[in-house]
Every structure is written in C-alpha cells, then in structure tokens.
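First the structure, in the form of structure tokens, and then the observations on it.
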Amino acid sequence: MKQFTILAGLVPLAAAHWEMTYPQQRQLGNEDNMPQFPCGGANTVTANRTMFPISGAPIQLNMGHTQYNVEVLLALGNDPGSAFNYVIVPTFTQRGPDNFCMGAGAIQFPEGLNITEGTNATIQVVTNGDGSGGLYNCADITFTSTPLSTEQYNNNCKNSTGIETRPLEGAARNANETASGGSDTDGDDHDHSSMTSSAAAASGTGAAASGSASTAASSGIAAQATLASWGIAAMGVAAGVMAL
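For the sequence shown, this note's numbering gives the first residue as 695, with consecutive numbering after it.
Written out as structure tokens, the structure reads:
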C-alpha cells in the first residue's frame, strides 16, 4: 500500500484512512475505530456543530488511499443515533489521495424534506476500505439560511491534482460492500477513461441540487436509496462548483 502524508502535525492519511474536514467530523484521530457503525466509534453528538447552508455547501474529505467507493447519508434530529435514512450522495467511485471535495451540486436533498433555519442533523460519510465492512465518519450540523461566502466555500472545497470520480458500475450497492472480486477497496487496474477529473479547487457558493432520493433504514450497514439515472453528468459542474 502506498503511503501519503498531509500537512505536518496531522495524522498520516495512510493510517487515518480518510478524514472529513468540512463539515468537521465528530472526532479526529479515530482511525482505529472507523470500521464501527454508525460513526466510527464517535457515537456521541458534539456540541460544536457546523453551520451548513440550506442553499448548498460542500463536503470536504482527505483521502488516505488511492481509491474508494463513497456514499453520503443524512439523519435529522438533535441526536439521531443510527437513523441515517436519507441518501444525499449515492455510492460512486473516487480515485486519488489527499484533498477531495463533493461540491454543493453533488448533494441531493430528498424532495419534501422539512429543513428550515436551525434544524439539527448529522451527516454520515461511508466508504469501503475495511476487510470486514465499511469505514464511517459523522459530522453534526445545524442548517442555516445564511450561505457561505465565495471565500468560505473555496476554503472548504479543494481537490488535489488527479482526483477522479465515476458512477458505480453495475447494480447499485452500499459503499461499505466489498468490490467485485472480494477486495475491500477497488484496485488501480481499472480503465479510467470514463472517470471525470478535476485538478482545480471548486469555487462559488452554488445551490444544492434537488433530487428524489428514497428513504431507507440503517441496520448495521449504511442505507441505500435508488436514484434513477444517477451519474457524473447528472451531478454536473455548474456555476464554478465542482459537483464530483
């Protein structure tokens, strides 16, 4: 396994698997517990919630391996436990270490979801990467009607050179399932011609994309909702915002 490092003073990414830096994950340095559902062992809600604009905001990760399947879910409430019932980014494949941003246009809130100023929620990011299941991190947020400034958005949405994404091939599956062939992370032996690249950091404030994600229950594995015709083209790159 190749090893990568980030800025001095931070945990080596190869050890940490990956980290969620925006919104801020509940607990830093929890790499040993990341296989624990639902929040990588950090199951206590933090008082230090990130203000998350209803109009759209990015999700910023630091990736420690070269390839993952990634899925993002949402739970509403002050202390929702494991009730991550809404898929807001369906499972896709991401390739490339270090900075990776899911822009505001990638995040699809279900239609009819009652999100207003002051609504508390928790975002769960799930990937493969563990031989016995997934890797998990959670971030507690409070929705706000105040959008991010361009500077705030850009500071929390960066992509390292060579970052690529692609829709998941074949039948939809949860990110914490093993790849075809039984490996816990996809190898680098794929044809990447169908992947979308961006070396530039995303910019702009953008608006959250609308979608009709189905709700599903979590029962020790991340919930999966079927989103018709999902793909890179549907995520799009609009108004200067990288949406995968």
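We put the CB at the ideal spot given by N, CA and C, even for glycine. Values in this document were obtained by computation on a predicted structure and should not be read as measured data.
Sub-7 Å separation of residue i and residue j beta-carbons
i	j	result
MET745	THR816	no
LEU765	ALA869	For the record, residue 765 in the displayed sequence is Glu; it is not Leu. Their beta carbons are under 7 Å apart, which means GLU765 touches ALA869 by this criterion.
ILE857	PHE794	yes
ASN831	MET714	yes
LEU862	HIS711	no
SER776	PRO804	no
LEU842	ALA736	no
ARG743	ILE809	no
GLN719	PHE778	no
Top-ranked residue by Cα proximity to residue i, from the options
i	options	result
GLY827	ILE801, ASP773, PRO729	PRO729
GLY734	THR844, PRO841, GLY823, ASN849	GLY823
ARG860	PRO747, PHE786, GLN721, HIS759	PHE786
ALA807	ASN772, ILE748, ALA798, THR821	For the record, residue 807 in the displayed sequence is Leu; it is not Ala. For LEU807, the nearest C-alpha among the options comes from ILE748.
LEU768	TYR762, THR840, VAL820, GLN846	VAL820
GLY953	VAL783, ARG789, PRO791	Nothing can be reported for residue 953: it is not among the residues displayed for the chain, which extend from 695 to 938.
LEU755	PHE778, GLN788, LEU770	GLN788
TYR847	VAL781, GLN818, GLY799, GLN761	GLY799
GLU811	ILE801, GLN802, THR840, GLN818	THR840
ARG867	ASN763, ASN724, ASP726	ASN763
SER854	LEU722, THR760, GLY723	THR760
PRO774	ASN724, GLU871, VAL781, THR738	THR738
DSSP beta-bridge partners of residue i
i	result
ARG860	THR787
ILE753	MET796
THR744	ILE835
ASN714	Going by the sequence as given, residue 714 is Met instead of Asn. LEU755.
ASN763	THR787
Nearest-angstrom Cβ-Cβ length linking residue i and residue j, presumed shorter than 8 Å
i	j	result
GLY758	PRO717	Not a contact, Cβ separation roughly 19 Å.
LEU770	THR813	7 Å
Short CB-CB distance (under 7 Å) between residue i and chain D
i	result
PHE786	In the structure shown, chain D does not exist; there is a single protein chain.
Practice task
Note down, one range per segment and in chain order, each beta strand (DSSP E) of at least 3 residues found wholly within the stretch 765-853.
Solution key: For the stretch 765-853, whole beta strand (DSSP E) runs of length 3 or above, ordered along the chain, are 780-789, 792-796, 802-804, 814-824, 827-838.
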